[in-house]
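Asks: Shown below is the structure under consideration.
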Amino acid sequence: MISVYKSKECCSGCTACRFACPVSAIDMIQDDEGFLYPYIIQEKCINCGKCRKVCNFKESYDHKQSYQQEVLAVKHLDDTIRMSSTSGGMFTAMSDYIIDNNGVVYGACFDENLRVIHKKATSKDERDLFKGSKYVQSDLNNVLIEIKTLLEQQNLVLFCGTPCQVAGLKGFLSDIDTQNLFTCDLVCHGVTSPMIWNDHLKHLEIDKGIKVINYSFRSKMLGWHSHTEVAEFENGKKEYLTLNMQRYKLLYHSNYILRPSCYNCVFANYDRLSDITLGDFWGIDRVMPDYDDNKGISLVLINSHKGKILFDHVKEKVEYRISSKSECVQPNLECPTKKPETREVFWDDYFREGYKYVTDKYFCLNKRKRLKYFIIRLGYNTGLLNMFQQYIRRC
60 MISVYKSKEC
70 CSGCTACRFA
80 CPVSAIDMIQ
90 DDEGFLYPYI
100 IQEKCINCGK
110 CRKVCNFKES
120 YDHKQSYQQE
130 VLAVKHLDDT
140 IRMSSTSGGM
150 FTAMSDYIID
160 NNGVVYGACF
170 DENLRVIHKK
180 ATSKDERDLF
190 KGSKYVQSDL
200 NNVLIEIKTL
210 LEQQNLVLFC
220 GTPCQVAGLK
230 GFLSDIDTQN
240 LFTCDLVCHG
250 VTSPMIWNDH
260 LKHLEIDKGI
270 KVINYSFRSK
280 MLGWHSHTEV
290 AEFENGKKEY
300 LTLNMQRYKL
310 LYHSNYILRP
320 SCYNCVFANY
330 DRLSDITLGD
340 FWGIDRVMPD
350 YDDNKGISLV
360 LINSHKGKIL
370 FDHVKEKVEY
380 RISSKSECVQ
390 PNLECPTKKP
400 ETREVFWDDY
410 FREGYKYVTD
420 KYFCLNKRKR
430 LKYFIIRLGY
440 NTGLLNMFQQ
450 YIRRC
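The numbering of the sequence shown is the numbering used here, which starts it at 60 and goes up by one.
So this is what it looks like as structure tokens:
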């Protein structure tokens with residue numbers, strides 16, 4: 060039986076193989092954990108090998124940059140933009156330039172059912188849907204073939220995604236002119252199961268008896284340094300800092316629900332395929348304390364001459380400082396996220412007992428933690444928490 064990949068640890072689900080197939084013999088099929096994998100329709104396959112050739116997720120992958128990489132700490136000059144962004148607003152500055160020059164921007168957003176997908180934007184309002192982290196693997200749908208068509212028509216394109224998605228796109232486009240393509244990847248901890256994400260939404264909706272219509276994985280309501288999840292319901296009410304809201308966050312940080320290839324990521328280093336890499340500049344309060352105002356700072360790696368050109372076009376919209384690899388604290392620029400030793404046990408428990416059971420079992424969501432989140436929420440609602448945070452910063 061012909062297969063695209065040797066094992067699930069060697070497939071990121073980038074879809075490059077699907078669109079490289081000259082006879083459309085590949086479908087993306089969801090596995091038991093909720094991740095999409097390429098499946099070859101054997102009777103249609105002509106065994107040309109193009110699906111394996113286009114794949115950039117190889118064990119022997121070795122990419123060396125010719126450009127002397129630059130490391131910057133960046134924040135947008137408009138605080139309103141920064142506060143609506145996950146970190147410092149650099150993505151908005153870059154995508155503004157592309158849209159202002161009649162280009163097309165691709166990024167991850169929610170659809171009407173809060174499923175995370177990649178789609179295009181030709182206006183700033185459409186682009187704004189891409190702002191904010193999405194801690195779920197996105198469905199690329201037909202994005203790669205759309206971008207190929209746009210480039211063949213000589214359109215300006217910015218694609219923003221995970222490093223493996225950028226690698227897949229570049230592999231797929233290897234035979235065409237990509238001069239008008241700018242790529243931006245993220246410092247990626249790993250992508251999580253869309254199925255588990257859907258379970259989280261269902262759990263919230265069953266608990267409240269009403270539909271979730273919006274979700275923030277990284278609200279700045281308690282400041283940039285805090286990771287606060289906020290769910291907005293159909294009746295206009297919001298939920299945050301409750302045990303139910305912590306379930307998905309705890310699962311994400313536990314690493315149990317990451318795609319198998321994430322533990323084997325060949326892109327978790329400083330040798331980036333993209334033109335620009337974005338992330339949070341963690342540690343800025345240590346290396347540049349006067350620059351940190353708890354509103355968000357972007358870590359920006361300029362990886363290519365095209366990346367430098369793009370940055371030069373937008374640098375008047377941002378404030379930036381030159382930094383170094385030794386100053387930015389990002390473990391996933393050094394190595395992949397480690398696979399938990401009990402991952403298989405976790406998934407066995409999940410298949411047998413379900414979402415609520417595993418979050419209760421593995422994270423001990425007890426009355427003590429319930430009280431902790433109640434106190435924090437009370438402090439936020441009364442303004443006492445903000446006063447305390449300001450006092451700490453002054454000290």
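Quick reminder that beta carbons are idealized off the backbone N, C-alpha and C, glycines included.
For Q89, does the count of other Cβ atoms within 10 angstroms reach 16, so buried, or fall short, so exposed?
Replies: For the purposes of this step, residue 89 is taken as residue 30 along the sequence shown, with counting starting at 1. Looking at its Cβ environment, which holds fewer than 16 other Cβ atoms inside 10 Å, Q89 is exposed.
Asks: With three or more C-beta pairs closer than 8 Å as the rule, is the segment 66-76 touching the segment 223-234?
Replies: The segment 223-234 is in contact with the segment 66-76.
Asks: In the DSSP assignment, the alpha helix (DSSP H) including T401 goes from what residue to what residue?
Replies: Within the sequence shown, residue 401 is the residue found at index 342, counting from 1. Run containing T401: none; DSSP gives neither H nor E here.
Asks: Can you tell me which residues form a DSSP beta bridge with A132?
Replies: Translated into positions along the sequence shown, residue 132 becomes position 73. Its beta-bridge partners are L358, R380.
Asks: Under the DSSP definition of a beta bridge, which residues are partnered with M87?
Replies: Reading the sequence shown from its first residue, position 28 is the one you call residue 87. DSSP lists P97 as partners of M87.
Asks: Could you spell out the range, first to last residue, of the alpha helix (DSSP H) harbouring G227?
Replies: As a working note, residue 227 is residue 168 in the sequence shown. That run of the alpha helix (DSSP H) goes 222-231.
Asks: So, is I61 buried or exposed, given that buried needs 16 or more other C-beta atoms within 10 angstroms?
Replies: Stepping through the sequence shown from its first residue, residue 61 is reached at position 2. Flag for I61 reads exposed.
Asks: How many whole angstroms separate the CB atoms of T145 and G191, which I take to be in contact at a CB cut-off of 8 Å?
Replies: Here residue 145 corresponds to residue number 86 of the sequence shown, with the count starting at 1. Here residue 191 corresponds to residue number 132 of the sequence shown, with the count starting at 1. Confirmed, about 5 Å.
Asks: Find the nearest neighbour of D236 within the set N214, G413, N294, N115, judged by alpha-carbon distance.
Replies: What you label residue 236 is simply residue 177 of the sequence shown in a count that begins at 1. With distances taken between Cα atoms, D236 lies closest to N214.
Asks: So with Cβ pairs under 8 Å, would you call I272 a contact of chain D?
Replies: Given the protein chain composition of this structure (a single chain), no chain D is represented.
Asks: Could you tell me the alpha carbon to alpha carbon distance between E211 and Q389, rounded to whole angstroms?
Replies: Within the sequence shown, residue 211 is the residue found at index 152, counting from 1. Within the sequence shown, residue 389 is the residue found at index 330, counting from 1. Taking the straight line joining both Cα atoms gives about 36 Å.
Asks: Is it the case that the Cβ atoms of T218 and L240 are separated by a distance below 8 Å?
Replies: Mapped onto the sequence shown, residue 218 falls at position 159. Mapped onto the sequence shown, residue 240 falls at position 181. Note on identity: in this sequence residue 218 is Phe, with Thr being the wrong assignment. Yes. Within cutoff.
Asks: Nearest by alpha-carbon distance to I255: which of V164, F116, S83, F94 is it?
Replies: Position 196 of the sequence shown, counting from 1, holds the residue named residue 255. Ranking V164, F116, S83, F94 by Cα distance to I255 puts F94 first.
Asks: By the three-class DSSP mapping on this structure, what secondary structure does S66 have?
Replies: Taking the first residue of the sequence shown as position 1, residue 66 is located at position 7. If DSSP states are grouped into helix, strand and coil, S66 belongs with coil.
Asks: Return helix, strand or coil for C76, following the three-state DSSP convention.
Replies: Locating residue 76 in the sequence shown gives position 17, where the first residue counts as 1. The answer is helix: DSSP assigns C76 an H, G or I state.
Asks: Using CA coordinates, which residue listed in D86, D91, R111, M304 is at the minimum distance from I99?
Replies: Taking the first residue of the sequence shown as position 1, residue 99 is located at position 40. For the residues D86, D91, R111, M304, the minimum Cα distance to I99 belongs to D86.
Asks: Are A152 and S382 touching if we call contact CB-CB under 8 Å?
Replies: On the sequence shown, position 93 is the one that residue 152 refers to. On the sequence shown, position 323 is the one that residue 382 refers to. Not a contact, by the Cβ cut-off of 8 Å.
Asks: Distance check for I176 and D170, CA to CA, integer angstroms please.
Replies: Here residue 170 corresponds to residue number 111 of the sequence shown, with the count starting at 1. Here residue 176 corresponds to residue number 117 of the sequence shown, with the count starting at 1. So the two alpha carbons sit approximately 7 Å from each other.
Asks: Where K207 and D349 are concerned, what is the direct C-alpha to C-alpha distance, given to the nearest angstrom?
Replies: Reading the sequence shown from its first residue, position 148 is the one you call residue 207. Reading the sequence shown from its first residue, position 290 is the one you call residue 349. Cα-Cα distance, rounded: 44 Å.
Asks: Considering only their Cβ atoms, is the gap separating E288 from M304 smaller than 8 Å?
Replies: Stepping through the sequence shown from its first residue, residue 304 is reached at position 245. Stepping through the sequence shown from its first residue, residue 288 is reached at position 229. Yes, the Cβ-Cβ distance between M304 and E288 is below 8 Å.
Asks: Rounded to a whole number of angstroms, what is the C-alpha to C-alpha distance between K117 and S320?
Replies: As a first step, residue 117 is located in the sequence shown; it is residue number 58 there, counting from the start. As a first step, residue 320 is located in the sequence shown; it is residue number 261 there, counting from the start. Cα-Cα distance, rounded: 11 Å.
Asks: Among residues of its own chain, excluding the 5 on either side of D266, which ones have a beta-carbon nearer than 7 Å to its beta-carbon?
Replies: As a first step, residue 266 must be located in the sequence shown, where it is residue number 207. Counting only Cβ-Cβ distances below 7 Å, and skipping sequence neighbours, we find N303.
Asks: Could you tell me whether the segment 159-170 touches the segment 402-415, using the rule of 3 or more Cβ pairs below 8 Å?
Replies: The segment 159-170, when compared against the segment 402-415, does not touch it at the 8 Å Cβ threshold.
Asks: Can the beta-carbon of F78 be found less than 8 Å from the beta-carbon of L203?
Replies: The count along the sequence shown starts at 1 and reaches residue 78 at position 19. The count along the sequence shown starts at 1 and reaches residue 203 at position 144. Yes; because the gap between Cβ atoms is below 8 Å, this pair is in contact.
Asks: What are the boundary residues of the alpha helix (DSSP H) that I368 is part of?
Replies: As a working note, residue 368 is residue 309 in the sequence shown. Residues 364-373.
Asks: Under a three-way DSSP split, which group does V163 fall into?
Replies: Stepping through the sequence shown from its first residue, residue 163 is reached at position 104. V163 falls in the strand class under three-state DSSP.
Asks: Could you check which residue in N160, S333, L358 has the C-alpha nearest to that of E386?
Replies: For the purposes of this step, residue 386 is taken as residue 327 along the sequence shown, with counting starting at 1. Among N160, S333, L358, the Cα nearest to that of E386 is on L358.
Asks: What do you reckon, are the CB atoms on L337 and M149 nearer than 8 Å?
Replies: Locating residue 337 in the sequence shown gives position 278, where the first residue counts as 1. Locating residue 149 in the sequence shown gives position 90, where the first residue counts as 1. Yes, Cβ-Cβ distance for L337 and M149 is below 8 Å.
Asks: Where does C107 land, buried or exposed, given buried means 16+ other C-beta within 10 angstroms?
Replies: Locating residue 107 in the sequence shown gives position 48, counting from the first residue. Classification for C107: exposed.
Asks: What did DSSP end up calling S278 once you bin it into helix, strand or coil?
Replies: Start at 1 with the first residue of the sequence shown, and residue 278 comes out as number 219. Strand at S278.
Asks: Counting C-beta neighbours from all protein chains within 10 Å, is the total for V82 16 or more, i.e. buried, or is it exposed?
Replies: Walking along the sequence shown from the start, residue 82 turns up at place 23. By the neighbour-count rule (16 or more Cβ atoms within 10 Å), V82 is not buried but exposed.
Asks: Go ahead and label G413 buried or exposed: buried means 16 or more other beta carbons lie within 10 angstroms of its beta carbon, across all protein chains shown.
Replies: As a first step, residue 413 must be located in the sequence shown, where it is residue number 354. By the neighbour-count rule (16 or more Cβ atoms within 10 Å), G413 is not buried but exposed.
Asks: How big is the Cα-Cα spacing for N273 and L173?
Replies: In the sequence shown, the residue the question calls residue 273 occupies position 214. In the sequence shown, the residue the question calls residue 173 occupies position 114. Cα-Cα distance, rounded: 7 Å.
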